[in-house]
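One structure is given here, and the rest of the page talks about it.
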Amino acid sequence: MSIIYNKLKDFKPISIDQNLEIDDTQFQQLSHLITRIGKSEQKTSQIVELMKDALSEQLESSKQLIDDVRQEKNEVKRDIKILERGLLEYFNILDDLQKAAKLINDKQFLDSINVAIQAKEQISESMGIQTVPAEPGQKINIKYHHKVDTVSVQNKNQDQTVNKVVENGYRRGDRLLRKASVIANKYDGAEHE
Numbered sequence: 005m006s007i008i009y010n011k012l013k014d015f016k017p018i019s020i021d022q023n024l025e026i027d028d029t030q031f032q033q034l035s036h037l038i039t040r041i042g043k044s045e046q047k048t049s050q051i052v053e054l055m056k057d058a059l060s061e062q063l064e065s066s067k068q069l070i071d072d073v074r075q076e077k078n079e080v081k082r083d084i085k086i087l088e089r090g091l092l093e094y095f096n097i098l099d100d101l102q103k104a105a106k107l108i109n110d111k112q113f114l115d116s117i118n119v120a121i122q123a124k125e126q127i128s129e130s131m132g133i134q135t136v137p138a139e140p141g142q143k144i145n146i147k148y149h150h151k152v153d154t155v156s157v158q159n160k161n162q163d164q165t166v167n168k169v170v171e172n173g174y175r176r177g178d179r180l181l182r183k184a185s186v187i188a189n190k191y192d193g194a195e196h197e
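With this note's numbering, the residue at position 151 of the sequence shown is 155, and numbering never jumps.
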């Protein structure tokens, strides 16, 4: 703006009454100024177009990157679910082996299984997997417990409590991986003392 002002400030206003003559120097200066303004506008227009193109390319690149990250995130989630299901199957096998070792009363077999159970607990802890609390006498919580059967009890205070855990439940943080399968106590209505 100051360049244009400096160039034009020396021009004197021409009134209609005056002769419309502009000397050559002033005409050349004005012509040169108009040419420079035109070139400047053209360069500005080119720069704006280049910036639009670059911004458009950057936007497309960013969209592609976001799509790639979303796809990778979904694949990781899927892989984690597969891993968690595999771990639950592994945990089931170990739990069943532990029950079997107790039933057949084989101390050496039970000791071996207990080593595997300790390894299971270390793996669980390192992955943030916790066993859902399900102890005999604990109140049934439908969020964490799945009743597979009921047994009648005579004590009203035992109604809707865990009688026996059939299958352990697991959670990872706030996410429930599997409910604990339990046999629940059910008050039959006739309390005996």
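Heads up, the beta-carbon is just placed ideally off N, CA and C, and yes, glycines get one too.
The model shown is predicted, which means the values in this text are computed figures rather than measured ones.
Bridge-paired residues (DSSP) for residue i
i: GLU171; result: SER185
i: LEU180; result: ARG175
i: LYS47; result: None; LYS47 has no bridge partner.
Beta-carbon gap between residue i and residue j smaller than 7 Å
i: ASP163; j: ILE187; result: no
i: GLN142; j: ILE121; result: no
i: VAL166; j: ALA123; result: no
i: LYS183; j: HIS150; result: yes
i: LEU180; j: GLU88; result: no
As assigned by DSSP and simplified to three states, the class of residue i
i: TYR191; result: strand
i: MET5; result: Confidence at MET5 is low in this model, with a pLDDT of 49, below 50, so the placement of that residue should be treated as unreliable; the coordinate-derived value is given next. Here MET5 sits in coil by DSSP.
i: GLN134; result: strand
i: ASP163; result: coil
i: ILE20; result: Its pLDDT being 46, under 50, ILE20 is placed unreliably in this model, and the coordinates cannot settle the point.
i: ASP153; result: strand
i: LYS143; result: strand
i: ASP72; result: helix
i: TYR94; result: helix
i: GLN158; result: coil
i: ASP83; result: helix
i: ASN118; result: helix
i: GLU197; result: Only weak support is given to the placement of GLU197: the predicted model assigns it a pLDDT of 48, under 50, and the value that follows is read from those uncertain coordinates. GLU197: coil per DSSP, three-state reduction.
i: ASP110; result: coil
i: LEU63; result: helix
Integer-rounded CB distance, given that residue j should sit under 8 Å from residue i
i: PHE113; j: ASN172; result: About 20 Å; that fails the 8 Å criterion.
i: GLN134; j: TYR174; result: 7 Å
i: ASN189; j: VAL169; result: With a Cβ gap of about 13 Å, ASN189 and VAL169 do not count as contacting.
i: ALA105; j: ILE117; result: 5 Å
Contact test: residue i Cβ vs the ligand GTP heavy atom, cutoff 6 Å
i: TYR174; result: The ligand GTP is not among the ligands present in this structure, which contains no ligands whatsoever.
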